[in-house]
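Notes to accompany the following structure.
In this note's numbering, the protein residues as written are 26 to 201.
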(Lines of atoms letter the chains of each structure in order from A; the text may use other names.)
(Lines give C-alpha, C1' and ligand atoms only; values in the text may rest on other atoms or scores of the structure.)
Protein backbone atom coordinates (compact mmCIF):
# COMPACT_ATOMS: atom_id res chain seq x y z
CA UNK A 26 0.00 0.00 0.00
CA UNK A 27 2.84 2.33 0.71
CA UNK A 28 4.09 1.66 -2.76
CA UNK A 29 0.77 2.71 -4.30
CA UNK A 30 0.86 6.02 -2.45
CA UNK A 31 4.38 6.69 -3.73
CA UNK A 32 3.24 6.32 -7.31
CA UNK A 33 0.58 8.99 -6.84
CA UNK A 34 3.15 11.49 -5.51
CA UNK A 35 5.47 11.16 -8.51
CA UNK A 36 2.81 11.58 -11.12
CA UNK A 37 2.44 7.92 -11.87
CA UNK A 38 -1.28 8.07 -11.12
CA UNK A 39 -4.00 9.94 -12.99
CA UNK A 40 -2.70 12.72 -15.27
CA UNK A 41 -3.79 16.31 -14.59
CA UNK A 42 -5.82 17.86 -17.38
CA UNK A 43 -3.91 20.62 -19.26
CA UNK A 44 -5.59 23.98 -19.72
CA UNK A 45 -6.17 24.78 -23.34
CA UNK A 46 -6.01 28.45 -24.37
CA UNK A 47 -8.77 29.72 -26.65
CA UNK A 48 -7.81 30.25 -30.26
CA UNK A 49 -7.15 33.79 -31.57
CA UNK A 50 -10.54 34.18 -33.28
CA UNK A 51 -12.41 33.46 -30.07
CA UNK A 52 -10.15 35.84 -28.18
CA UNK A 53 -10.75 38.65 -30.72
CA UNK A 54 -14.51 38.14 -30.56
CA UNK A 55 -14.44 38.37 -26.74
CA UNK A 56 -12.28 41.53 -26.72
CA UNK A 57 -14.45 43.24 -29.37
CA UNK A 58 -17.62 42.30 -27.50
CA UNK A 59 -16.19 43.76 -24.30
CA UNK A 60 -15.28 47.02 -26.08
CA UNK A 61 -18.78 47.30 -27.58
CA UNK A 62 -20.39 46.75 -24.16
CA UNK A 63 -18.14 49.44 -22.58
CA UNK A 64 -18.92 51.92 -25.38
CA UNK A 65 -22.66 51.31 -25.12
CA UNK A 66 -22.54 51.64 -21.34
CA UNK A 67 -20.74 54.98 -21.63
CA UNK A 68 -23.26 56.26 -24.17
CA UNK A 69 -26.24 55.18 -22.05
CA UNK A 70 -24.77 56.85 -18.96
CA UNK A 71 -23.90 60.15 -20.64
CA UNK A 72 -27.12 60.49 -22.66
CA UNK A 73 -29.80 58.96 -20.45
CA UNK A 74 -28.69 58.61 -16.83
CA UNK A 75 -26.48 61.66 -16.16
CA UNK A 76 -28.52 64.82 -15.63
CA UNK A 77 -26.83 68.20 -15.99
CA UNK A 78 -27.77 70.73 -13.34
CA UNK A 79 -30.39 73.21 -14.43
CA UNK A 80 -29.13 76.74 -14.96
CA UNK A 81 -30.98 78.96 -12.53
CA UNK A 82 -30.69 82.69 -12.00
CA UNK A 83 -29.84 82.16 -8.31
CA UNK A 84 -26.83 79.96 -9.05
CA UNK A 85 -25.59 82.38 -11.70
CA UNK A 86 -25.90 85.27 -9.22
CA UNK A 87 -23.89 83.30 -6.64
CA UNK A 88 -21.16 82.66 -9.21
CA UNK A 89 -21.06 86.36 -10.10
CA UNK A 90 -20.77 87.38 -6.43
CA UNK A 91 -17.94 84.87 -5.88
CA UNK A 92 -16.13 86.19 -8.94
CA UNK A 93 -16.35 89.73 -7.57
CA UNK A 94 -15.02 88.64 -4.16
CA UNK A 95 -11.90 87.05 -5.68
CA UNK A 96 -8.87 89.31 -5.44
CA UNK A 97 -7.61 90.70 -8.72
CA UNK A 98 -4.25 89.44 -9.93
CA UNK A 99 -1.40 91.90 -9.45
CA UNK A 100 -0.98 94.40 -12.23
CA UNK A 101 1.47 93.49 -14.95
CA UNK A 102 4.68 95.46 -14.87
CA UNK A 103 5.36 97.27 -18.12
CA UNK A 104 8.62 96.38 -19.87
CA UNK A 105 10.26 98.91 -22.16
CA UNK A 106 12.81 97.53 -24.64
CA UNK A 107 15.77 99.65 -25.71
CA UNK A 108 17.61 99.28 -29.00
CA UNK A 109 20.98 97.57 -29.15
CA UNK A 110 23.89 100.02 -28.82
CA UNK A 111 27.67 99.74 -29.08
CA UNK A 112 29.64 101.74 -26.53
CA UNK A 113 33.36 102.48 -26.12
CA UNK A 114 34.50 101.30 -22.72
CA UNK A 115 37.57 102.51 -20.80
CA UNK A 116 40.88 101.61 -22.46
CA UNK A 117 43.11 99.00 -20.88
CA UNK A 118 46.81 98.90 -21.79
CA UNK A 119 46.24 101.21 -24.76
CA UNK A 120 43.67 98.97 -26.47
CA UNK A 121 40.21 100.16 -27.39
CA UNK A 122 37.34 97.92 -26.28
CA UNK A 123 33.65 97.97 -27.05
CA UNK A 124 30.50 96.72 -25.38
CA UNK A 125 27.41 95.88 -27.40
CA UNK A 126 24.37 96.04 -25.14
CA UNK A 127 20.64 95.55 -25.59
CA UNK A 128 18.48 95.91 -22.50
CA UNK A 129 14.96 96.30 -21.20
CA UNK A 130 13.61 98.21 -18.22
CA UNK A 131 10.73 96.96 -16.06
CA UNK A 132 8.44 99.74 -14.83
CA UNK A 133 6.08 99.64 -11.86
CA UNK A 134 3.05 100.75 -13.90
CA UNK A 135 2.02 102.21 -17.24
CA UNK A 136 2.42 105.80 -16.02
CA UNK A 137 6.10 105.19 -15.28
CA UNK A 138 6.41 103.38 -18.63
CA UNK A 139 5.18 106.50 -20.42
CA UNK A 140 7.76 108.62 -18.57
CA UNK A 141 10.50 106.17 -19.60
CA UNK A 142 9.38 106.29 -23.24
CA UNK A 143 9.51 110.10 -23.22
CA UNK A 144 12.97 110.14 -21.58
CA UNK A 145 14.39 107.20 -23.54
CA UNK A 146 17.32 109.27 -24.84
CA UNK A 147 18.30 110.28 -21.29
CA UNK A 148 18.20 106.66 -20.14
CA UNK A 149 20.45 105.64 -23.05
CA UNK A 150 22.84 108.49 -22.23
CA UNK A 151 23.13 107.37 -18.60
CA UNK A 152 23.86 103.82 -19.75
CA UNK A 153 26.59 105.03 -22.12
CA UNK A 154 28.15 107.13 -19.34
CA UNK A 155 28.11 104.22 -16.88
CA UNK A 156 29.64 101.80 -19.40
CA UNK A 157 32.25 104.34 -20.53
CA UNK A 158 33.78 104.52 -17.05
CA UNK A 159 34.16 100.74 -16.68
CA UNK A 160 37.12 98.67 -17.80
CA UNK A 161 36.95 95.39 -19.68
CA UNK A 162 38.26 93.44 -16.68
CA UNK A 163 35.43 94.77 -14.51
CA UNK A 164 32.71 93.93 -17.01
CA UNK A 165 34.04 90.42 -17.67
CA UNK A 166 33.01 89.24 -14.19
CA UNK A 167 29.54 88.53 -12.89
CA UNK A 168 30.15 90.83 -9.93
CA UNK A 169 31.14 93.63 -12.30
CA UNK A 170 27.95 93.20 -14.32
CA UNK A 171 25.85 93.19 -11.14
CA UNK A 172 27.57 96.37 -9.91
CA UNK A 173 26.97 97.97 -13.31
CA UNK A 174 23.31 96.95 -13.20
CA UNK A 175 22.95 98.40 -9.67
CA UNK A 176 24.56 101.68 -10.71
CA UNK A 177 22.39 101.95 -13.83
CA UNK A 178 19.22 101.19 -11.84
CA UNK A 179 20.13 103.95 -9.36
CA UNK A 180 20.72 106.40 -12.24
CA UNK A 181 17.47 105.40 -13.95
CA UNK A 182 15.47 105.89 -10.75
CA UNK A 183 16.78 109.48 -10.57
CA UNK A 184 15.16 110.11 -13.97
CA UNK A 185 11.83 108.48 -13.04
CA UNK A 186 9.85 108.68 -9.79
CA UNK A 187 11.58 106.83 -6.95
CA UNK A 188 10.99 103.10 -7.19
CA UNK A 189 9.41 103.45 -10.62
CA UNK A 190 12.04 101.28 -12.29
CA UNK A 191 11.78 97.87 -10.63
CA UNK A 192 14.31 95.89 -12.67
CA UNK A 193 16.61 95.93 -15.65
CA UNK A 194 17.34 93.04 -18.01
CA UNK A 195 20.27 92.65 -20.37
CA UNK A 196 19.01 91.01 -23.56
CA UNK A 197 22.47 91.18 -25.13
CA UNK A 198 25.84 91.92 -23.50
CA UNK A 199 28.89 91.41 -25.72
CA UNK A 200 32.38 92.66 -24.89
CA UNK A 201 35.08 93.06 -27.55
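Every residue, glycine too, gets a C-beta built ideally from N, C-alpha and C.
- Inclusion of residue 114 and residue 152 in the CB contact set at 7 Å is not warranted, their separation being larger than that value.
- Rounded to the nearest whole angstrom, the CA to CA distance from residue 145 to residue 170 is 22 Å.
- When DSSP states are grouped into helix, strand and coil, residue 192 belongs to the strand group.
- Taking 7 Å as the cut-off, the Cβ atoms of residue 161 and residue 191 do not count as close.
- Residue 129 is a Cβ neighbour of residue 104, given a cutoff of 7 Å.
- By the criterion of a C-beta distance shorter than 8 Å, residue 193 is surrounded in its chain by 128, 129, 130, 131, 174, 177, 178, 181, once the five residues flanking it on both sides are discounted.
- Relative to residue 124, the option among 112, 92, 133, 135 whose CA is nearest is 112.
- For residue 140, the closest C-alpha among the options 186, 86, 168, 154 is that of 186.
- Residue 164 is positioned such that its CB atom lies closer than 7 Å to that of residue 200.
- In the three-state DSSP reduction, residue 101 falls in the coil class, being neither helix nor strand.
- Beta-bridge analysis with DSSP links residue 160 to 115.
- With respect to the 7 Å criterion, residue 184 and residue 147 are classified as neighbours on the basis of their beta carbons.
- Taking 8 Å as the upper bound for CB-CB distance, residue 133 and residue 188 are in contact here, some 7 Å apart.
- Between residue 198 and residue 90 the beta-carbon gap is near 51 Å, outside 8 Å, which marks them as no contact.
- If one requires a minimum length of 3 residues, no beta strand (DSSP E) run lies completely within the stretch 50 to 86.
- A residue is called buried when at least 16 other Cβ atoms come within 10 angstroms of its Cβ; residue 159 meets this threshold and is buried.
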